[in-house]
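**Q**
Residue numbers (the numbering used here): 913 to 1332.
#1: Looking at C-alpha atoms only, which residue of 1099, 1139, 1289 is the closest neighbour of residue 1108?
#2: Just list the beta strand (DSSP E) runs in the segment 1145-1203, keeping only unbroken ones of 3 residues or longer that don't cross its boundaries, in chain order.
#3: Return the CA-CA distance between residue 1322 and residue 1231, expressed in angstroms with no decimal places.
#4: Quick one: which unbroken alpha helix (DSSP H) runs of 4-plus residues sit fully inside the segment 1074-1136? Chain order, please.
#5: What does the Cβ neighbour count give for residue 917, buried or exposed, with the cut at 16 atoms within 10 Å?
#6: Please report the straight-line C-alpha distance between residue 1003 and residue 1021, rounded to a whole angstrom.
#7: Report yes if the CB atom of residue 1320 is closer than 8 Å to the CB atom of residue 1262, and no otherwise.
#8: Evaluate residue 1054 with the Cβ neighbour count: other Cβ atoms within 10 Å of its Cβ, from every protein chain shown; 16 or more gives buried, anything less gives exposed.
#9: Assuming residue 1299 and residue 1278 are in contact, meaning their beta carbons sit under 8 Å apart, how far apart are those beta carbons, in whole angstroms?
#10: Could you check the C-alpha separation between residue 1144 and residue 1332 for me, to the nearest Å?
#11: In terms of DSSP beta bridges, what is residue 1042 paired with?
#12: According to DSSP, what are the bridge partners of residue 1054?
#13: In whole angstroms, give me the CA-to-CA distance for residue 1052 and residue 998.
#14: At the level of alpha carbons, what is the spacing between residue 1163 and residue 1169?
#15: Could you say which of 936, 1233, 1035, 1092 lies nearest to residue 1071 if we only look at CA atoms?
#16: Just to confirm, are residue 1156 and residue 1099 a CB contact at a threshold of 8 Å?
#17: Alpha carbon to alpha carbon, how far is residue 1210 from residue 1270? Give it in angstroms, no decimals.
#18: What does the Cβ neighbour count give for residue 1259, buried or exposed, with the cut at 16 atoms within 10 Å?
#19: Would you mind reading off the limits of the beta strand (DSSP E) that contains residue 1221?
#20: By Cβ distance below 6 Å, which residues in the same chain neighbour residue 934 in space, the five residues on each side in sequence not counted?
#21: So what does DSSP say about residue 1292, is it helix, strand or coil?
#22: In chain order, what residues of the same chain have a beta carbon less than 6 Å from the beta carbon of residue 1043, not counting five sequence neighbours either side?
#23: Drop a sphere of 10 angstroms on the beta-carbon of residue 1147, count the other beta-carbons inside from all chains shown, and report buried for 16 or more, exposed for fewer.
#24: In the DSSP output, what is residue 1018 paired with across the bridge?
#25: With burial defined as no fewer than 16 other Cβ atoms inside 10 Å of the residue's Cβ, what is the status of residue 1212: buried or exposed?
#26: Considering only residues of the same chain and omitting the five flanking positions on each side of residue 980, which have a CB-CB separation below 7 Å?
#27: Compute the Euclidean distance between the alpha carbons of residue 1257 and residue 1017, then round it to the nearest angstrom.
#28: Once you ignore the five residues that flank residue 920 on each side, which residues in its own chain have a CB closer than 8 Å to its CB?
#29: Answer with buried or exposed for residue 1127, where buried requires no fewer than 16 other C-beta atoms within 10 angstroms of its C-beta.
#30: Take residue 973 as the anchor and find which of 990, 944, 1174, 1080 has the nearest alpha-carbon.
#31: Is the segment 1214-1233 touching the segment 937-950 in the sense that three or more CB pairs, one from each, lie closer than 8 Å?
#32: Taking the continuous alpha helix (DSSP H) assigned at residue 1308, which residues delimit it?
#33: With H, G and I counted as helix, E and B as strand and the rest as coil, what does DSSP make of residue 974?
#34: Using the beta-carbon count (16 or more within 10 Å), is residue 1305 buried or exposed?
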């Protein structure tokens, strides 16, 4: 072609060649979800002290009720209600019911008994008056106001009935859920073994932190970041190290990962360039189901199988790697680990920024909330790692064209919605 007739590059130089279609994010996620299932074994009767962050393998049923007996919610005096006339006076019996020392006798009709918080309601009582709302004179209880029958009493089993299903298989156990298990006397549960996730970095220009580098080399930010993500999500990290841009090195690393891991996360080498050996290796020896997904940042994303092991091939730029690891990797890992596939919970909030978004791709913007409004990082560059530390979540914009001004409702997804 004569240089005088050469066409200039378009502004959007990352557009796909003519005839190549984007895969929408929702379609890519659904395809990924449909191809995955739990791949981990079950650990039986693991003590509660060891299950924080683990995923339940079986439904759990309560062996007893909670609370097991009706008890008082306050310090005060127990009697049988309702009272028919007020003010009134009730003689006190010479006893009390405490949490560690329940009264085992029967309180006669028209009498009251001293009771402390958490103590079992004695037979013959169903109502408790706060000690601040009454007066005791000469072993008699003086009440001035009305009190509904059953006031300040916790009924037996009002929280959990015996044999209730209290947690379902696939639930990731947290401290609060462990409290529920302990409250009904469950001391061990069946959980899935921890998902083994391999993390592999690629690229001739990438060097580990601590290595000597030249001007054309960069430190590996992705492998430490993705490794921390894997461990924070509760999975077992398998460090697959770093592979140079050599087909044999990439293939060897993927083979090691397939042997020792349930899922492999790679970063770099998934586009269509001469040295993109991850995508080439997956094409030659695996089964790529999706790539070039309509998401920004993160167009070069590979979702593949290699030796029966799923591979999420992430972009090399740290921001794109982070976004795609959360949006695609986190739900995939949850499902493989025996949990539930999830869509991150987002919150519609007013924007505190302006943006003219073009149609065609979903966009994920690094964002945080201040004073009830969502602000985004000043640059959308995929290499700006400072924006990762600055952000507290992501703003997700769908494929449509959008004109966003301050006050426009946008969907903010905090990082906590991804399990962090």
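All residues carry an ideal CB built from backbone N, CA and C; glycine is no exception. Note that the coordinates shown come from a computational prediction; the quantities given were computed from them, not determined experimentally.
**A** Working from what's here:
#1: Relative to residue 1108, the option among 1099, 1139, 1289 whose CA is nearest is 1139.
#2: 1148-1155, 1175-1179, 1199-1202
#3: 20 Å
#4: 1087-1095
#5: In this predicted model, residue 917 has a pLDDT of only 38, less than 50, meaning its place in the structure is not dependable; the value taken from the coordinates is given anyway. Per the 10 Å Cβ criterion, exposed.
#6: 10 Å
#7: yes
#8: It is exposed - the Cβ of residue 1054 has fewer than 16 other Cβ atoms within 10 Å.
#9: 4 Å
#10: 7 Å
#11: 988
#12: Under DSSP, the beta-bridge partners assigned to residue 1054 are 1001, 1047.
#13: When rounded, the distance between both Cα atoms is 15 Å.
#14: For residue 1163 and residue 1169, the distance between alpha carbons rounds to 10 Å.
#15: The alpha carbon of residue 1071 has as its nearest neighbour, out of 936, 1233, 1035, 1092, the alpha carbon of 1092.
#16: no
#17: 16 Å
#18: It counts as exposed.
#19: In the DSSP assignment, residue 1221 falls within the unbroken beta strand (DSSP E) covering 1221-1226.
#20: 1206, listed in sequence order.
#21: coil
#22: Closer than 6 Å at the Cβ level, and outside the excluded window around residue 1043, lie 987, 988.
#23: buried
#24: Looking at the DSSP output, residue 1018 sits in a beta bridge with 1035.
#25: buried
#26: 1068
#27: 53 Å
#28: Because residue 920 carries a pLDDT of 35, less than 50, the predicted location of this residue cannot be relied on, and the following value inherits that uncertainty. For residue 920, where only same-chain residues beyond five positions count, there are no Cβ hits under 8 Å.
#29: Residue 1127 is exposed by the Cβ-count criterion.
#30: 1080
#31: Of all C-beta pairs linking the segment 937-950 to the segment 1214-1233, three or more are shorter than 8 Å, placing the two stretches in contact.
#32: For residue 1308, there is no enclosing alpha helix (DSSP H); the residue is part of the beta strand (DSSP E) that begins and ends at 1305-1309.
#33: coil
#34: buried
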